[in-house]
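Please read the structure below before turning to the comments.
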Ligand code: C2O
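In mature numbering (1 follows the signal peptide of the UniProt record, and there is no 0), the protein residues as written are 6 to 555.
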């Protein structure tokens, strides 16, 4: 592979949406951020310079970071943040991944405006395992607040309540014509020629919401998920959680008119009405269009694509079951057939003590919280990876993260009497190359919700999922150990469980968290510390000299 250099100047930029102008944190003044393009096997060297007053880190979401854990990016996990006026060079190689990934800020809620696509092409002189697309188009979904998102999360954490809902969803940064005061320039237009096959690279960068996406009278062929090929299948609707990416082939019709069709995305949620943004972002598919200008009236009379119901949980379960690894001689499935380390984690919401002298607006005067195995993660004050590398936890973290819930209850039944979480910076230690099985069980402690869990540093195989409580006696018999999909983010079903397997072949400290940002802010996160192997190529290299200090 070759080495590709990028420079990311993190700066404020005034951006106008929905008749309001606000100053947002961007890469090089662009929103969404610039596209990173690489071929599999290439090295990326990205210099990030912080020109804003906030602390910044950038995470290359889904990049495996094999032996380059120092470049992973989550604040206080693999690095201290890049402070104002400082810079850091992220240096890593794309190994064994082809498709779409993305990057985003990984500190507080700065990712709400700082995100962009990573396009990974096949190695030189190799091809996709499907028809060569005529054109490739990244489509990145986002979530927009008219107010400053740092103020939104700070207020939520101070009051203990849920955050204010977003004001719009966006496609490539544009909210589209259904929102009040959206100007015609704020509509995403996909201009196509008839009878061609396009590759759409879909990314859900929304802060808090899982989405359905559809284009009226058209269908997609899904070919890749989280930069890993899947057995192609057809669908007219896409479901995508925050953190997930998927590549779809999109064959345009053979028509000679300059027809237009609407595309739309809106959330999937089982949350209580009013607790999430239930609006719809719309874009336009335009055939044979050489029209430069666009007015909102030019789409009058076009029909919205019929999306699944907002709470269509069974649709989501069926969708997840459609994904299988491509699994051929060139792209083999390496799912561990035997397991050395087994874990069972509950994931869900809970409550937390309201500080004295404060009134909290969460459930019954408490604060909202979230946890894994009832532990709400406390963010340390310096990076865990440094502590792990220098072999000195310094009271920064403990290695006693429980492998199983300490208190068992009917996870999907009525809530237990005590809904309070405990706190800690606890990690699971894994020996190098251990084979791991993890069952994640959603809880219904404060209502049922889907939690898109994202694991850094690995792809995992999704070997099973189900509704209700996981049954360790009967459910494993139905695990798919033949062609399970390989992903970095998977939804723990609303009122159900999911089982994943992976091999701990990447030394480092790897964050795992719900990619719904408010759940992560409430503590639905933990970390795995993977130890070095014996051979030189099984060890974490020393930290780069410019690694930021706390
Ligand atoms: Cu895309 Cu830790 O996140």
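We treat Cβ as the ideally placed atom computed from N, Cα and C, and that holds for glycine. Note that the structure is a prediction, hence the values are computed from the model and not measured.
Problem set entry | At least three beta-carbon pairs within less than 8 Å, the region 65-84 to the region 108-123 | yes
For this session: Determine the closest residue to residue 264 out of 388, 292 and 21, with distance taken between C-alpha atoms.
Result: Nearest of 388, 292 and 21 to residue 264, Cα basis: 292.
For this session: Put residue 163 into one of helix, strand or coil per three-state DSSP.
Result: helix
Problem set entry | Inter-residue CB distance, residue 404 and residue 441 (contact presumed, cutoff 8 Å) | Not confirmed; about 16 Å, so no contact.
For this session: Buried or exposed for residue 295, please, with buried defined as at least 16 other CB atoms from any protein chain shown within 10 angstroms of its CB.
Result: exposed
Exercise. In its own chain, which residues sit with a C-beta less than 7 Å from the C-beta of residue 477, not counting the 5 before and 5 after it?
Worked result: Taken in chain order, the list of residues that qualify is empty.
For this session: Identify, in the order they occur along the chain, each residue of the same chain with its Cβ nearer than 6 Å to the Cβ of residue 26, setting aside the five sequence neighbours on each side.
Result: 19
Exercise. Any contact of the region 396-411 with the region 308-316, i.e. 3+ C-beta pairs under 8 Å?
Worked result: no
Exercise. Which one or two residues does DSSP pair with residue 49 in a beta bridge?
Worked result: 9 and 97
For this session: State whether the region 480-496 contacts the region 411-423, with contact taken as three or more CB pairs (one from each stretch) at a distance under 8 Å.
Result: no
Exercise. Rounded to the nearest angstrom, how far is the Cβ of residue 247 from that of residue 64, given a contact under 8 Å?
Worked result: Rounded, the Cβ-Cβ distance is 13 Å, inconsistent with contact.
Exercise. Excluding the five sequence neighbours on either side, which residues of its own chain have a C-beta within less than 6 Å of the C-beta of residue 466, listed in chain order?
Worked result: 340, 489, 491 and 506
Exercise. Going by the beta-carbon positions, is the gap between residue 516 and residue 532 smaller than 8 Å?
Worked result: yes
Exercise. Going by alpha carbons, who is nearest to residue 154 out of 61, 367, 171 and 267?
Worked result: Answer by Cα proximity: 171.
Problem set entry | Neighbourhood of residue 276 by C-beta distance below 8 Å, restricted to the same chain and skipping five residues each side | 452 and 454
Problem set entry | Opening and closing residue of the alpha helix (DSSP H) in which residue 325 lies | Counting along the chain, the alpha helix (DSSP H) containing residue 325 begins and ends at 318-326.
Exercise. Of all the options 35, 223, 460 and 325, which has the alpha carbon lying nearest to the alpha carbon of residue 530?
Worked result: When each option's Cα is compared against that of residue 530, the closest is 460.
For this session: Determine the DSSP secondary structure at residue 256, reduced to helix, strand or coil.
Result: strand
For this session: Whole angstroms is fine: what's the gap from residue 234's alpha carbon to residue 56's?
Result: 38 Å
Exercise. From what residue to what residue does the alpha helix (DSSP H) around residue 81 run?
Worked result: Careful: residue 81 lies outside any alpha helix (DSSP H) and carries neither H nor E.
For this session: Whole angstroms is fine: what's the gap from residue 384's alpha carbon to residue 395's?
Result: 19 Å
Exercise. Just how far apart, CA to CA, sit residue 335 and residue 450?
Worked result: Rounded to the nearest angstrom, the two C-alpha atoms are 45 Å apart.
Exercise. When every heavy atom of the ligand C2O is checked, does at least one fall within less than 7 Å of the C-beta of residue 463?
Worked result: no
Exercise. Mind checking whether the beta-carbon of residue 524 lies closer than 7 Å to any heavy atom of the ligand C2O?
Worked result: No, Cβ of residue 524 sits at least 7 Å from all heavy atoms of the ligand C2O.
Exercise. Fully enclosed by the region 180-258, which beta strand (DSSP E) runs are 3 residues long or longer?
Worked result: 194-197, 202-209, 215-220, 225-230, 233-240, 242-245 and 250-256
For this session: Using only the heavy atoms of the ligand C2O, determine whether one of them is closer than 7 Å to the beta carbon of residue 516.
Result: yes
Exercise. Any idea if residue 238 is buried or exposed, counting beta-carbon neighbours within 10 angstroms, 16 or more meaning buried?
Worked result: Of the other Cβ atoms in all chains shown, fewer than 16 fall within 10 Å of the Cβ of residue 238; this residue is therefore exposed.
Exercise. Terminal residues of the continuous beta strand (DSSP E) containing residue 44?
Worked result: 41-44
Problem set entry | Within 8 Å, strictly: CB atoms of residue 514 and residue 456 | no
Exercise. Does at least one heavy atom of the ligand C2O sit under 7 Å from the Cβ of residue 248?
Worked result: Yes, the ligand C2O has a heavy atom inside 7 Å of this Cβ.
For this session: Please confirm whether any heavy atom of the ligand C2O lies closer than 7 Å to the CB of residue 37.
Result: no
Problem set entry | Paired residues, beta bridge with residue 508 - DSSP | 440
Exercise. Does the ligand C2O have even one heavy atom less than 7 Å from the beta-carbon of residue 86?
Worked result: no
Exercise. So, helix, strand or coil for residue 392, using DSSP?
Worked result: helix
Exercise. Should residue 128 be labelled buried (16 or more other beta-carbon atoms within 10 Å of its own) or exposed?
Worked result: exposed
Exercise. Mind checking whether the beta-carbon of residue 10 lies closer than 7 Å to any heavy atom of the ligand C2O?
Worked result: no
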